[in-house]
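J.:
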Amino acid sequence: MAKELWEGNQAIAEAAVRAGVEAFFGYPITPQTELLEYMSKRMPELGRTFLQAESEVASINMVYGAACGGARAMSSSSSPGISLMQEGLSYIAASEVPAVLVDIMRGGPGLGNIQPSQSDYFQMTRSAGHGDFHPIVLAPATIQEAVDLVYESFPLAEKYRTIVIIAGDGSLGQMMEPAEMPPMRPLLTEEERGDFAVRGKKGREKRIITSLFLKEPELEALNHRLQAKLQTIREAEQRWETYQMEDAEYLLVAYGSVARTCKTVIRDAQGEGLRAGLFRPISLWPFPYEHLAKAAEGKRAILTVEMSAGQMLEDVQIAVRGSLPVEFYGRMGGVMPLPDEVLEALRGVAFTHRPLQTGVESRYW
Amino acid sequence: MVRGTVAIETDRCKGCELCTKVCPQDILHMSRAAFNARGYRPVELVDPEGKCTGCALCALMCPDVVLTIYRYDSRKVLA
Amino acid sequence: MTDENRLTPAEIMEHGQVVYQRPDALSETLTHYCPGCTHGIIHRLIGEAIDELGLKEKTIMVAPVGCSVLMYYYFDVDAVEAAHGRAPAMATGLKRTQPDKIVFTYQGDGDLASIGTAEIMHAANRGENITVFFVNNAVYGMTSGQMAPTSLIGQVTTSSPMGRETKLHGYPMRMAEIIAGLPGTSYVVRRSVYDPKTIRQAKKAVVTALKAQMAGLGLGLIEFLSSCPTNWHMSPPDALTWIRDNMVPYFPLGDFKVSDEVKALG
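Quick look at the structure:
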């Protein structure tokens, strides 16, 4: 298939369709509404289920119901809507049914604004809901990457019976770029559906899907199972990208749209003789701690850049364990940092952590 | 002639007494002496004169499916 | 056999027929409900209807949060546990992706009329082809007796110790009437289970509602006026009388919406 020009939200929607999604339940919220609108036309075209629910609360519970029945189901929303979904995400995680969610982050907290932001990193990666769990969180930086990650997200969610969140921001959702769509995947057959699925107890014992375990030993056992699963995911599903690491003295760490800005900054910095590389986490959870630590070896300092007050920053600090200075530059409130201000910050970091000078002659003042 | 009887799963009974209030023959009574395995006073069928008709009103009221109702209808047997 | 007028119970059991026994759709598990709780009666009616209509193998049940949160242990059908109030949304997700299955929710007055009001209104408004069993006992049972949206004026509960006052707490909500006003519904009725007559009428309504779903006629809802002996601080028989004398005058029994297609089902 050739590349076509796609809007981010619509590309994500079409990628999900190609991936075999059977049901989309969502609610309008800027800046992801185009995803819902695209689905409202495309899903009925293919005889699949689409419903604009009465709220994000209802949306995630519809996803939960459909997923319990073994259907490939998804929703999408943006920051305040994701907050409304947290209860449902916790239930889905505890019940161990697969689901895919797209989070196109916007400025917050509160009603905030509709501009791009990365201030929901904690919300998504720490657990996305109450209780001990982590969804898999994948952060694309281009529309093509978003398409590829969405296409993979359903089999990934089903493999581990967990939630996969595609973490974008308003600029990724709204921008237009060329992208190539993957082939249309056939829908799940009855045999391919998970053996947890409630589809009527024909020829078998009944199945119950619940997240309620009143007896402490049972709930503790569930939690151990979930933690073991998360450990398996940690070992198998870390993703990251590095850029211009050869001879780099300083390391920029950024994800999503901000990583793109950082690539420009790195190229601009080279012109000044300032050598920096980029470490771009693609899986925000599981975060590639060891790989980041390796990339940071021998560097003078790290500059973490985010559209937030510093959330991924904490994971960067954990990764390098104080072995080198970790500085931060961020913009909040829906503001996207421009290359020149990030370059300014990088210059500051380079100056603060400049190599010690030896053999300096005393100078007359 | 219709005769009925009630089989009581004594350990299911929670002593709620609802069945005793609807029995038209007044032959269901809460035990005054016995407790069941759950610590409730269960219902007992006290029907020395064979008055039970198997009307099943007791089973209709019972929230815990304690009662299984049998009915012997001589007309059906002879037919 | 001895004289027919003197049959022993054993002989009656041997030569007679079983006219009532546990429905197959109910499991043998003894419920955790309080003595005399009408959940048991309503569960039984639903189990009987599932048996009569042959639905056990194609039914998916959505359990609520409330006293009946563990109801999936008491039925022998596939089941899911919903978050508080969200059962109609889960049911929507299930029914829309598996339209050939029978999907029902079972919800108390907190689940349906408080936290879940949006979900039931919109499921009804969309005419989701599901069945909703709404158990109204005017109090929050599981959490030990707080005021419910359906608690009566003047009713003393643990969170309305001076009795419900309209100025502070609003009026009890008549959900059957409200839901019946939405065109997507096909069968919205209020029944009770306080005596054999009302129980039989409730049973008929359960069968009709499930038949309406089988025929794809839109949302069916039955509101059952129910008792909570424990949190009403009454004996079970007195609690049933309280329904008749206090709840029925405010929440009248009857049919609020019966579409022509449902009538035609017979």
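As you go down the protein sequences, you meet chains U, X and L in turn.
Going by my numbering, 311 is the number at position 311 of the first sequence; the sequence numbering is gapless.
Going by my numbering, 1032 is the number at position 32 of the second sequence; the sequence numbering is gapless.
Going by my numbering, 2115 is the number at position 115 of the third sequence; the sequence numbering is gapless.
Glycine included, C-beta positions come from ideal geometry on N, C-alpha and C.
Give the secondary structure of U:T242 by DSSP, where H, G and I count as helix, E and B as strand, and everything else as coil.
T.: strand
J.: Going by C-alpha to C-alpha distance, which of X:Y1072, X:R1071, X:I1069, X:V1065 sits closest to X:C1116?
T.: Examination of residue 1116 of chain X is not possible in this model, given that chain X is present from 1001 through 1079 alone.
J.: Please list the partners that L:C2037 has in chain X, where partner means a Cβ-to-Cβ separation under 7 Å.
T.: Think of a sphere of 7 Å around the beta carbon of L:C2037: the chain X residues whose beta carbon falls inside it are P1063, in chain order.
J.: Could you give the distance in angstroms between the alpha-carbon of U:P178 and the alpha-carbon of L:Q2098?
T.: 37 Å
J.: Quick one: residues in its chain with C-beta nearer than 6 Å to the C-beta of L:M2001, no 5 flanking neighbours on either side, listed in chain order?
T.: Low local confidence applies: a pLDDT of 46 at L:M2001 is under 50, so the model's placement there is unreliable, with the coordinate-based value given in what follows. The answer is none, since no qualifying residue turns up.
J.: Going by DSSP in three states, U:D339 sits in which element: helix, strand or coil?
T.: It is Pro, not Asp, that sits at residue 339 of chain U in the sequence shown. Here U:P339 sits in helix by DSSP.
J.: Using the beta-carbon of each residue, which ones in chain L are nearer than 7 Å to X:T1068?
T.: Under the 7 Å cutoff, chain L gives V2018, Y2020, Q2021.
J.: Under the DSSP definition of a beta bridge, which residues are partnered with U:W6?
T.: U:E177
J.: To be precise: take each residue of the segment 2039 to 2063 of chain L, compare its Cβ to all Cβ atoms of chain U, and keep it if any distance is under 8 Å. Which residues remain?
T.: K2056, E2057, K2058, T2059, I2060, V2062, A2063
J.: Determine the chain U residues that contact L:H2122 at a beta-carbon separation under 9 Å, and present them in chain order.
T.: Neighbours of L:H2122 on chain U, chain order: A53, E54, S55, A58.
J.: Pop quiz: U:V342 and U:E327 are said to be a contact at Cβ under 8 Å. What is the actual Cβ separation, rounded to whole angstroms?
T.: About 12 Å; that fails the 8 Å criterion.
J.: Check whether the Cβ atoms of U:P286 and U:R234 sit closer than 8 Å, and answer yes or no.
T.: yes
J.: Which residues in the same chain have their Cβ closer than 6 Å to the Cβ of X:P1042, if we skip the five residues on either side of it in sequence?
T.: T1010, C1013, S1031, N1036
J.: Under a CB-based cut-off of 8 Å, is L:S2015 close to chain X?
T.: As written in the sequence, residue 2015 of chain L is His, which differs from the Ser given in the question. Taking Cβ atoms only, chain X reaches closer than 8 Å to L:H2015, which makes this a yes.
J.: For a cutoff of 8 Å on Cβ pairs, would you count L:I2199 as touching chain X?
T.: yes
J.: Beta carbon of L:R2221, beta carbon of L:V2188: below 8 Å?
T.: Looking at the sequence shown, residue 2221 of chain L is not Arg but Leu. In this structure, L:L2221 lies near L:V2188, with their beta-carbon atoms less than 8 Å apart.
J.: In or out: L:Y2171 buried (at least 16 other Cβ within 10 Å) or exposed?
T.: exposed
J.: Assuming U:V370 and L:A2079 make a contact with CB atoms under 8 Å, what is their CB distance in whole Å?
T.: Within the shown structure, residues of chain U are numbered from 1 to 365, placing residue 370 of chain U beyond reach of any answer.
J.: Identify which residue in L:G2184, L:S2227, L:T2117, L:S2151 has its Cα closest to the Cα of L:I2042.
T.: The shortest C-alpha separation from L:I2042 is found at L:S2227.
J.: In three-state DSSP terms, what is L:M2001?
T.: Confidence in L:M2001 is poor, its pLDDT being 46 and thus under 50, which makes the residue's placement unreliable; the coordinate value appears in the next sentence. Of the three classes helix, strand and coil, the one that applies to L:M2001 here is coil, per DSSP.
J.: For L:N2136, which of helix, strand or coil comes out of DSSP?
T.: strand
J.: Using Cβ-Cβ distances below 8 Å, what residues of the segment 61 to 83 of chain U are close to chain L?
T.: N61, M62, V63, Y64, G65, A66, A67, C68, G69, A71, A73
J.: Alpha carbon to alpha carbon, how far is U:K159 from U:E7? Give it in angstroms, no decimals.
T.: Distance from the CA of U:E7 to the CA of U:K159, rounded to the nearest whole angstrom, comes to 29 Å.
J.: Decide if U:W365 is buried, meaning its Cβ has at least 16 other Cβ atoms within 10 Å, or exposed.
T.: exposed
J.: State buried or exposed for L:Q2017, treating a residue as buried only when at least 16 other CB atoms are found within 10 Å of its CB.
T.: exposed
J.: Would you kindly work out how many angstroms separate the C-alpha atoms of L:G2163 and L:W2232, rounded to a whole number?
T.: 13 Å
J.: How many Å lie between X:M1001 and L:P2023 at the Cα?
T.: 27 Å
J.: Inspect the CB distances between the segment 37 to 51 of chain U and the segment 166 to 181 of chain U and report whether three or more fall short of 8 Å.
T.: no
J.: By the 10 Å Cβ neighbour count, where 16 or more other Cβ atoms means buried, how is U:D247 classified, buried or exposed?
T.: exposed
J.: Going along the chain, which residues of its own chain have a beta-carbon closer than 7 Å to the beta-carbon of L:S2159, five neighbours each way excluded?
T.: Within the same chain, L:S2159 has close Cβ partners Q2146, M2147.
J.: Would you give the residue range spanned by the alpha helix (DSSP H) that U:S379 belongs to?
T.: Missing from the structure shown is residue 379 of chain U; chain U here goes from 1 to 365 and no further.
J.: Between the Cα of L:S2259 and those of L:S2151, L:L2182, L:Y2020, L:M2247, spot the shortest distance and give me the residue it belongs to.
T.: A check of alpha carbon separations from L:S2259 across L:S2151, L:L2182, L:Y2020, L:M2247 identifies L:L2182 as the nearest.
J.: I'd like the list of long-range same chain contacts for U:I163, defined as Cβ closer than 8 Å, with 5 residues on each side in sequence excluded.
T.: Non-local C-beta neighbours of U:I163 in its own chain, meaning closer than 8 Å and more than five positions away in sequence, comprise L89, I92, A93, P98, A99, V100, L101, A128, P135, I136, A157, ordered along the chain.
J.: Taking just the CA atoms, how far does X:D1073 sit from X:A1079?
T.: Reliability of the predicted coordinates at X:A1079 is poor, the pLDDT of 47 falling under 50, and no value is obtained from them.
J.: Does the segment 2132 to 2152 of chain L come close enough to the segment 2033 to 2047 of chain L to have 3 or more Cβ pairs within less than 8 Å?
T.: The way I'd put it, the segment 2132 to 2152 of chain L does touch the segment 2033 to 2047 of chain L; three or more beta-carbon pairs between them come closer than 8 Å.
J.: Determine the contact status of U:I82 and U:D120, defining contact as a CB-CB distance below 8 Å.
T.: yes
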